[in-house]
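Here is the structure we will look at, set down as structure tokens.
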Amino acid sequence: MKLFDDLIKISIKKKFISATIALLVVLTGAYCLKNLDIEAYPDFTSPMVQVITQMPGKSAEEVERLATIPLEKNLNGIPNEKKLYSSSLFGLSVIKIVFKDGLPSSLIRQQVLERIYQTELPDGIKPVLGPDASAIGEIYRYTLESDYYNSMTLKAIEDWQMEKAFKQVDGIIEVNSFGGPIKTYKVILNHEKVRFYNLDVGEIFDAIKASNSTGGGHYISNNDQAYIVRGLGLYSGVESIENTVITTINGIPIRVKDVGVVTIEPAVRIGQVGKNLNNDAIEGIVLMRKGENPTRTIKNLEKKLPEIKAQLPKGVHLVPFYQRSELINNTMHTIAHNVVCGIIFVIIVLFAFILDLRITLIASLVIPLALGFAFMLFRLFNIPANLLSMGAVDFGILVDGAVILMENIFRCLSSYKGKLTQNRKEALIYKAVKEVGSVIIFSTIIILCCFLPIFAFDGVAGKLFHPLAFTMGFSLIGAVLASIFLLPAISAIYMPNKKIIEKDNKVLDKITDFYKKSLDRVFKFPKKFLASVAALFVLALTLFCFTGSEFLPNLDEGNIWLRVTVLPRSTTIAHSVEVARKIREVLLEYPEVKNVISHVGSADDGTDPNLLSNIENMVDLKLAKDWRWKWHKNKQKLISDMSEKLSEIPGITTYFTQYIQDNVEEAVSGSKGQVVLKIYGSDLYELQKLQDKAIALLSNVRGVVDLSYDQIIGQPQYQIKIDRVKAARYGLRSDDIQKVVEIAIGGKNATQVLENEKRFNVFLRLEEQDRNAYRKVQNIIVKTPEGISVPLSNVTEITADNGAMIITRSENSRVAIVRFNIRGRDLGSTVKDAQKLLDKKLELPDEYYTKWAGQSESQKSANTRLAIILPVTLGLIALILHLNYKNKKDVLIAMSSIIVTLSGCIFALFLTGTYFSISAGVGF
252 MKLFDDLIKI
262 SIKKKFISAT
272 IALLVVLTGA
282 YCLKNLDIEA
292 YPDFTSPMVQ
302 VITQMPGKSA
312 EEVERLATIP
322 LEKNLNGIPN
332 EKKLYSSSLF
342 GLSVIKIVFK
352 DGLPSSLIRQ
362 QVLERIYQTE
372 LPDGIKPVLG
382 PDASAIGEIY
392 RYTLESDYYN
402 SMTLKAIEDW
412 QMEKAFKQVD
422 GIIEVNSFGG
432 PIKTYKVILN
442 HEKVRFYNLD
452 VGEIFDAIKA
462 SNSTGGGHYI
472 SNNDQAYIVR
482 GLGLYSGVES
492 IENTVITTIN
502 GIPIRVKDVG
512 VVTIEPAVRI
522 GQVGKNLNND
532 AIEGIVLMRK
542 GENPTRTIKN
552 LEKKLPEIKA
562 QLPKGVHLVP
572 FYQRSELINN
582 TMHTIAHNVV
592 CGIIFVIIVL
602 FAFILDLRIT
612 LIASLVIPLA
622 LGFAFMLFRL
632 FNIPANLLSM
642 GAVDFGILVD
652 GAVILMENIF
662 RCLSSYKGKL
672 TQNRKEALIY
682 KAVKEVGSVI
692 IFSTIIILCC
702 FLPIFAFDGV
712 AGKLFHPLAF
722 TMGFSLIGAV
732 LASIFLLPAI
742 SAIYMPNKKI
752 IEKDNKVLDK
762 ITDFYKKSLD
772 RVFKFPKKFL
782 ASVAALFVLA
792 LTLFCFTGSE
802 FLPNLDEGNI
812 WLRVTVLPRS
822 TTIAHSVEVA
832 RKIREVLLEY
842 PEVKNVISHV
852 GSADDGTDPN
862 LLSNIENMVD
872 LKLAKDWRWK
882 WHKNKQKLIS
892 DMSEKLSEIP
902 GITTYFTQYI
912 QDNVEEAVSG
922 SKGQVVLKIY
932 GSDLYELQKL
942 QDKAIALLSN
952 VRGVVDLSYD
962 QIIGQPQYQI
972 KIDRVKAARY
982 GLRSDDIQKV
992 VEIAIGGKNA
1002 TQVLENEKRF
1012 NVFLRLEEQD
1022 RNAYRKVQNI
1032 IVKTPEGISV
1042 PLSNVTEITA
1052 DNGAMIITRS
1062 ENSRVAIVRF
1072 NIRGRDLGST
1082 VKDAQKLLDK
1092 KLELPDEYYT
1102 KWAGQSESQK
1112 SANTRLAIIL
1122 PVTLGLIALI
1132 LHLNYKNKKD
1142 VLIAMSSIIV
1152 TLSGCIFALF
1162 LTGTYFSISA
1172 GVGF
């Protein structure tokens, strides 16, 4: 304690140095805040690696069998691996491996690559890793627009110019392009001409592939000069492809143009983007590298944007429609607003009770000092800040110690009868600090202990509340240091060297009198009073049972993410695009909506696997203050009205959420949804039946809305089964037949045309009229080794059937997914009723089982932790109180105030209609 006293003396004696230190703390804190890693919301997601395998033309069953299962087998068991999910759909396999927190991305990505290299896969199957970005790594979205260029040209500009330009920005890892037709050189073959020349599509494919090459002949010496020898045989355009020789008949060359036509057309599309009234937009999604400072990365991007825009051809415009900077700026504005309002409110309240402006202002200085100290530690330990952690700072707690100290200084100075010199003033200030300093420190330690157990949270709750605990912990430490060592020095400078007269405060006197009278009544009837407190506590506990619960309150992101499913799910892309247009038209009728972007199907790079029946809409909203009065800034009312209007469009189902929330939910549970039911099993048809039954049951649960699911069976297929006995008679191998089927019907890229730095595929297949019906498929020619043309029907059996649309896997098992939102009711009660209903009425075959995921499981896990944390916290506080009082009775008396506090908290939840959440539990 002597060291403690000496430090207080030095701080008062060297008051100007102490005041300078206080100023430096504020200025350094402001500098650290400016360079702090600030996000609107914390990154809830764990480290994840995405493995993408594109297999054009392959059914979901073949994708699962040939790529997903072999890769899953080898990707299991990687050190620190937590979960593994996968989706197999037409032409695409996506596997997501989730790891424990704290692992460097470079390490886990290297481990995944090693396992991929060890996996035996069929020829031509090449898995790649998705970008090293988190689920909330999208910081900028834009579209390319022009009145002069068509969408195919704009798509080429996006793919070959914009992607490279954005990747040069420090902190940007990837640019995902979505939408727009990809330029392709298409060789469309006429089946009759192919048959006339006794060819098959395989021969033509091989000829085109072999005729696009370049070679080198080393060099030739001539007149002391070395001439490099180049063999130039690359395709330069349509004409060069048309003149490719396939074979010769009686010395006459048969060229590609003799059996088909070569045109420049869009590639077969698996997705399309619409923006407002434009059905075919070109979108770029800029991803930040995981772990990067979002504030710094966005600044780098904004600095580079003018240069990027300058690279665009004249008449092409880069139009942003989602900028994370707006969210961060709003966050900074909110934090600044809270700080200013908090300081003003504290000043008003303090002045109302103290009636001395000088003391009030000195006490209020603890807020910027405490925050400045906290920002310095955030910067020192590289801890990110966000709106939730910064907005939760309790200024009342921060100034508690300062108010006690300044009130005691005021009392000591005002009670001194002699002449108040500078030395005497400093001595009195030292005396005042010494009297209450230990009390301030002791009370702060108790408050800090309340925040320590928060670090026991893990998962989403941990990532949400750890920054809050750091913020309050650092701020409290800063506040107590400022109160004990800096405010006394500032008081020694600014408090006058004259007698201070305590002003008469009538408001405070009345409050004090009322308190004394109330206390007298309590002392007269102590048993009755304690009984009433106990009754109120019992009533509070009773009300708590009817309060309802949720995991976390929804955070308004200023947008709506609307997922729409078009029925039937086997719909074409053209039909889904038309439905998407109708949806945008409905949403744009709302004045609250700025822009609507719709995504049909999947992106070209496979990073977001979806069926063609899936439409994802990003609805960019205006600020809530600009909404019509009828919504009262109530987003749920707006969503309900939108849902009702959209229900008039036939053949669709809707699912409403928010953009970041949607990505986080998928990263946490493996499926996009607030609440997710997973049914595990092996047979796809049985899973489909169970899924249908579960949907029918859940639709009857009150509070369940936006029921959505991934339909497993229902994709119409032509199944071409090779008859090996018949094929053997013609000397045909299975591979010979499969090659013809793949090229003639589905089409295949044979090679590429290089245009400066750009590369465009040369795509080969039959005319649509030769492959669009059952009879036409039967007549496709396969050429035998002897040169005999055999119809496909002679060596295969062709049938029509329904197959898998999408195969989802989790924990190395097939799984059926059902997801839903909850509106008009709390999460806990709704999920509890849903679980009871399914347990009672959903009969599962042997080896089939269900699991719940999403917010319900996160809530269950967090509540389990909370049930342990609360008693531990109370025990810790009791221990500290015992160390101070050395008396169990006094400890119990002090701890009894918790009963009244909890009762007040519960009454507040009940009266305001607020559900109990993890946030409320932490607040308790």
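Using the working numbering, the letters of the sequence shown correspond one by one to residues 252 to 1175. Where is the CB? At the ideal position from N, CA and C, for every residue including glycine. For clarity, every value in this text was computed on a predicted model and none was experimentally measured.
Going by the DSSP bridge assignment, what does residue i pair with across the sheet?
i	result
W812	M869 and T908
I423	M539
L395	I533 and L569
I261	Note: I261 sits in no beta bridge, so no partner.
S344	T304 and S339
E389	L538
K767	Looking at the DSSP assignment, K767 forms no beta bridge with any residue, so it has no partner.
E380	At residue 380 the sequence reads Leu, which differs from the Glu that was named. Paired residue(s): V302.
V438	V513 and L1015
Y960	V1069
Over what stretch of residues does the alpha helix (DSSP H) that includes residue i continue unbroken?
i	result
N1177	An answer regarding residue 1177 cannot be provided, because it is not within the stretch 252 to 1175 covered by the chain.
M627	V617 to L631
A825	I824 to L839
V445	H442 to F447
R662	F646 to S666
P557	P545 to A561
I848	Unbroken run through I848 is the beta strand (DSSP E), V844 to G852; no alpha helix (DSSP H).
K749	Careful: K749 lies outside any alpha helix (DSSP H) and carries neither H nor E.
Y368	S356 to Y368
Checking 8 Å against the spacing of the C-beta atoms, do residue i and residue j come in under that value?
i	j	result
L727	T695	yes
R1178	Q887	The question about residue 1178 has no answer, for the chain in this structure spans 252 to 1175.
R575	I376	no
K508	S356	no
V438	V445	no
L556	L563	no
A518	V524	no
I424	M539	yes
T816	I900	no
L552	V420	yes
S1061	V1082	no
V1033	L1093	no
Q968	N810	no
A636	D288	yes
I505	T498	yes
N527	N846	yes
V975	A995	Checking the displayed sequence, the identity of residue 975 turns out to be Arg instead of Val. Not in contact: R975 and A995 (Cβ atoms no closer than 8 Å).
Y1166	G710	no
N1178	E1018	Residue 1178 falls outside the range modelled here, since the chain spans only 252 to 1175, and no answer is possible.
For residue i and residue j, which I take to be in contact (beta-carbon distance under 8 Å), what is that distance rounded to the nearest angstrom?
i	j	result
I263	P739	5 Å
G924	G1105	5 Å
A1118	A712	With a Cβ gap of about 13 Å, A1118 and A712 do not count as contacting.
C663	I1131	Their Cβ separation, rounded to whole angstroms, is 28 Å, which puts C663 and I1131 out of contact at 8 Å.
K668	I259	Contact doesn't hold; Cβ gap of about 24 Å is too wide.
L649	I691	That belief does not hold up - the Cβ atoms of L649 and I691 are roughly 12 Å apart, past 8 Å.
I536	F429	6 Å
N865	G852	7 Å
F624	G729	3 Å
Got a sec, what are the start and stop residues for the beta strand (DSSP E) residue i sits in?
i	result
Q968	I964 to I973
A786	Taken as a continuous stretch (DSSP letters only), A786 belongs to no beta strand (DSSP E), being part of the alpha helix (DSSP H) at P777 to F795.
R1065	S1064 to I1073
K670	Careful: K670 lies outside any beta strand (DSSP E) and carries neither H nor E.
Y931	V926 to G932
| said: Restricting to runs no shorter than 4 residues, where is the alpha helix (DSSP H) found entirely within the region 672-739? | reply: 673-702 and 710-732
| said: I'd like the ranges of any beta strand (DSSP E) spanning at least 3 consecutive residues and lying wholly in the region 457-525. | reply: 464-473, 476-484, 496-500, 503-506 and 511-517
| field | Whole runs of the beta strand (DSSP E) within the region 963-1031, excluding any shorter than 3 residues | value | 964-973, 999-1006 and 1009-1017
| What beta strand (DSSP E) runs, 3 residues minimum, are completely inside the region 284-333? | 299-305
| Whole runs of the alpha helix (DSSP H) within the region 1078-1150, excluding any shorter than 4 residues | 1078-1092, 1106-1136 and 1139-1146
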